[in-house]
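Residue numbers (the numbering used here): 6 to 189. All residues carry an ideal CB built from backbone N, CA and C; glycine is no exception.
Structure follows, in structure tokens:
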């Protein structure tokens, strides 16, 4: 089967200094992810008329509540795992109890994916070439994926959170390495 027929392809882009993302299909904007308040918490998203708000709580064991703005109800909760790991991971538990895993596949959380926690089936994946000034990614999702808008927008948001969180172990690793090298 042809991958183009079986999957849907979208893109996201921003500048390196912005927490605002455009989500594009065929070079047309179909959604956006942006700070709802100046300090960046919560984050709002609109994609294909679906509106969500991601509300972060906690520093050492952060959780993110997912609010469906249209129904004004919490539809899921995200818990981060491996917070001090180079490869970030999180679990989304929907209000019906279904769980999905988000994980970064490369250092710095550039490539990431969603999979069903029970079947391990990948429902969405994203690749992003390294660019110091822009953050542009390609998202490929399985046409069978339910709640596409939620997984796309939450995936981009988790990518940003993980990228910031993975900075701590990288800096600690560099300091340890420099300390060890200085003793040689």
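Check, Outcome
"Residue 97 - DSSP class collapsed to helix/strand/coil", "strand"
"Sub-8 Å separation of residue 129 and residue 104 beta-carbons", "no"
"Rounded straight-line distance, which links the Cα of residue 188 to that of residue 107", "39 Å"
"Separation of residue 168 from residue 180, as counted between CA atoms", "19 Å"
"Whole-angstrom distance between residue 81 and residue 182, CA atom to CA atom", "40 Å"
"Contacting residues, own chain, Cβ-Cβ under 8 Å from residue 10 (five flanking each side not counted)", "At residue 10 the pLDDT is 42, less than 50, meaning the model places this residue with poor confidence; the figure from the coordinates comes in the next sentence. There are no such residues."
"The beta strand (DSSP E) enclosing residue 102, as first and last residue numbers", "Per DSSP, residue 102 belongs to no beta strand (DSSP E) and is neither H nor E."
"From 84, 70, 85, residue whose alpha carbon lies closest to that of residue 78", "70"
"Nearest residue (CA-CA) to residue 26, options 163, 75, 185", "163"
"Proximity below 8 Å, CB of residue 157 to CB of residue 33", "no"
"Where residue 184 falls: helix, strand or coil (DSSP)", "helix"
"Spatial distance of residue 185 from residue 57 (CA atoms)", "46 Å"
"Element boundaries [beta strand (DSSP E), containing residue 75]", "From DSSP, residue 75 is part of no beta strand (DSSP E); its letter is neither H nor E."
"Distance, residue 13 Cα to residue 124 Cα", "21 Å"
"Cβ separation of residue 97 and residue 52, assumed to be a contact under 8 Å, to the nearest whole Å", "Rounded, the Cβ-Cβ distance is 16 Å, inconsistent with contact."
"DSSP-derived helix/strand/coil call for residue 189", "coil"
"Terminal residues of the beta strand (DSSP E) in which residue 143 lies", "142-147"
"Cβ pair residue 40, residue 48 closer than 8 Å", "yes"
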